[in-house]
Each structure stands twice: as C-alpha cells, then as structure tokens.
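Just so you know, we're using our numbering here: the sequence shown kicks off at 3 and counts up by one. Using N, Cα and C, we set each Cβ at its ideal position, and we do this for glycine too.
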Amino acid sequence: MINITKKIFYEPLLHFLLLGAIAYFYFDYSQDVQTTISKPTLTLQHYELENLQNTTQLETKKLVFEYLTYQKILLAEAYSLGLYKENPEIDNLLLEKMEYLFKNDTQFQEPSEEQLKKFYQEHLNDYSKVNSLDLYIFTFNENIEKNVIKILPTITDLRPYAKKYKQLTPNSIKEKFGSYIALKLSTLPEGFWSEAIENKLFFITNKQVSTPYPFEEVEGIVYENYKKSFQVKNEKEEYAKLFNKYIIKEQK
3 MINITKKIFY EPLLHFLLLG AIAYFYFDYS QDVQTTISKP TLTLQHYELE
53 NLQNTTQLET KKLVFEYLTY QKILLAEAYS LGLYKENPEI DNLLLEKMEY
103 LFKNDTQFQE PSEEQLKKFY QEHLNDYSKV NSLDLYIFTF NENIEKNVIK
153 ILPTITDLRP YAKKYKQLTP NSIKEKFGSY IALKLSTLPE GFWSEAIENK
203 LFFITNKQVS TPYPFEEVEG IVYENYKKSF QVKNEKEEYA KLFNKYIIKE
253 QK
C-alpha cells in the first residue's frame, strides 16, 4: 500500500494535474476579483435621495433609490463619453439626451405576417373575449413628473408597491374605475405595465378568456403589441447591461 502511495505521489502526471487545477482556480478567482475591482462605484448620497424624493414626490424610498441609481448610471455613461459635467443644468440636458439614446439604441425591424401570426398564437389570451382579469394597480401622487412614472417600470418591479385584484369582470372594472379605464384595459396585453392613466399604472397578470378573435380582425392590435414587446424587452435588457457595469452604494 505504501509503495503504491509513493508511486502515485511521484507520478509526474499527477503533479501536472494538480498544478493545472491550482492555476485554473487561481485564474478564475483572480478574474472575479479583477471584475469587481474594475467596476466603478457610484455612491448615492443621503441628501441626494432626500432632494430627489422632494423633487419627484415619490412616496416610497426604495423607488427613489432606484430612480436615483438610474440617473447616476446615465450620467456616468455620459461622462464616460467625455460630455460636460458638474453643472446641474447641463446634467439635466445630458439626462434627457441619454434617456433618448437609451430608449432608441436598437432599431425596430418590421415583422413579417408569419411573425405576427406566431406572436398572435403565443399570446392568444390577449386576442380573446375577456371574462375576467387578475391585475396589479400602482397608484401614484398626481404631482409626480410624467417622465419619472414613465421610466419606473423599466428600472424596477412595481408589483410589490401595487394593489392586487383578482377576477375583475369588465363590468366591475367599469363600475369601479370608469368606462375610460375599462376601455384601456380591454386592449392591454398580459405582462406589461400600462401608460399612466389618471394617477394609476395597470399590470395584467392573467386573463380568463373564452372565444379568440380571428387574426384578421385584430392584426393591427397584434402589430402594436409586438412592437411594444420588442421595445420593453430591449429597454430592460439595455438597462440591465448598464446597471451591471457599476457597483451601487448608499452613503448613510
């Protein structure tokens, strides 16, 4: 047994494998460390959060944190391009410019009829007679700036801050929220936040449906939903890429 152990111990191939394993784990670890070190840190100051909360009228601190993070990242990207900085008025113009670039980074390609028909089949609930809806409703202060509300669904999940409703019928929606909101919800696809309607955002999680409408009758709506799906998915992916480039810290 001892002789076998000695042979194994002095086996050159074993040494090679051990050295290879050590080198691999060291390289893997050093890469992780290097990746962490190389990421710039963005610090959110307490006074910045307070000022932004007062400016935006957002009532939830977590949402203020998310929105300030978004602004910091866009400005950091602008500065990395060599654009002017450290001037509040210029910063506001930079934010507007970067938001435009952020939302228009990828060109939308017009779909073929086959692609639209496939999309229609994959989301048949959105093109069927609705019996009832499960949805979230996020209510916000009417004084909040429109651009803040518009970007929030892209940069964070609003559902934890929204009220959940189950199996609301079209008639109950009309009675509870009015005919206009009922009309808007009738064309809102599952899994997407609506635009601001009065002081609310709506998110349908599930539709209980019956008969689907023929593709030819709803082709225009299918196209709009296809385009919306592309834009929302692209914006979320682009923001996730930007967010992953930075380390975010809050200064207490």
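When the Cα atoms are used, what is the spatial distance from residue i to residue j?
i      : j      : result
Arg161 : Leu203 : 10 Å
Leu244 : Lys168 : 35 Å
Thr141 : Ile199 : 10 Å
Gln233 : Pro191 : 14 Å
Asn227 : Glu116 : 15 Å
Ala164 : Tyr215 : 31 Å
Lys251 : Ile146 : 25 Å
Leu126 : Tyr225 : 13 Å
Thr58  : Lys41  : 29 Å
Gln36  : Leu170 : Note that Gln36 scores a pLDDT of 45, beneath 50, so its modelled location is shaky; the value from the coordinates is reported in the next line. Their backbone Cα atoms lie some 52 Å apart in a straight line.
Lys238 : Lys166 : 23 Å
Gln253 : Ser82  : 23 Å
Ile183 : Ser174 : 11 Å
Glu79  : Thr71  : 12 Å
Ile223 : Lys235 : 18 Å
Asp159 : Phe217 : 32 Å
Lys64  : Lys120 : 38 Å
Lys148 : Leu154 : 10 Å
Ser188 : Glu177 : 14 Å
Lys152 : Gln210 : 28 Å
Leu150 : Glu52  : Just to set this straight, residue 150 is Val in the shown sequence, not Leu. The straight-line gap from Cα to Cα measures roughly 16 Å.
Phe110 : Glu197 : 20 Å
Thr156 : Phe194 : 10 Å
Lys186 : Gly180 : 10 Å
Terminal residues of the continuous alpha helix (DSSP H) containing residue i?
i      : result
Phe217 : 217–245
Glu124 : 115–124
Phe110 : Unbroken run through Phe110: none, as it is neither H nor E.
Thinking C-beta only, is residue j closer than 8 Å to residue i?
i      : j      : result
Phe205 : Tyr138 : yes
Asn208 : Asp136 : yes
Leu44  : Tyr248 : yes
Asn133 : Ser231 : no
Glu221 : Leu118 : yes
Glu124 : Asn201 : no
Ile74  : Leu54  : For the record, residue 74 in the displayed sequence is Lys; it is not Ile. No, the pair does not count as a contact, with Cβ atoms beyond the cut-off.
Leu76  : Tyr69  : no
Mapping the DSSP letters down to three states, classify residue i as helix, strand or coil.
i      : result
Pro214 : strand
Leu135 : strand
Ser196 : coil
Ala80  : helix
Leu203 : strand
Glu144 : coil
Gln55  : helix
Tyr1   : Missing from the structure shown is residue 1; the chain here goes from 3 to 254 and no further.
Tyr248 : coil
Glu177 : helix
Thr62  : coil
Ile172 : Looking at the sequence provided, one finds Pro at residue 172 rather than Ile. The answer is helix: DSSP assigns Pro172 an H, G or I state.
DSSP has residue i in a bridge; who is on the other side?
i      : result
Tyr167 : Leu137
Asn208 : Asp136
Gln253 : Gln47
Ser130 : Pro214
Can you name the start and end residues of the beta strand (DSSP E) that residue i belongs to?
i      : result
Thr45  : 43–47
Ile153 : Segment 148–157 is the alpha helix (DSSP H) holding Ile153; no beta strand (DSSP E) there.
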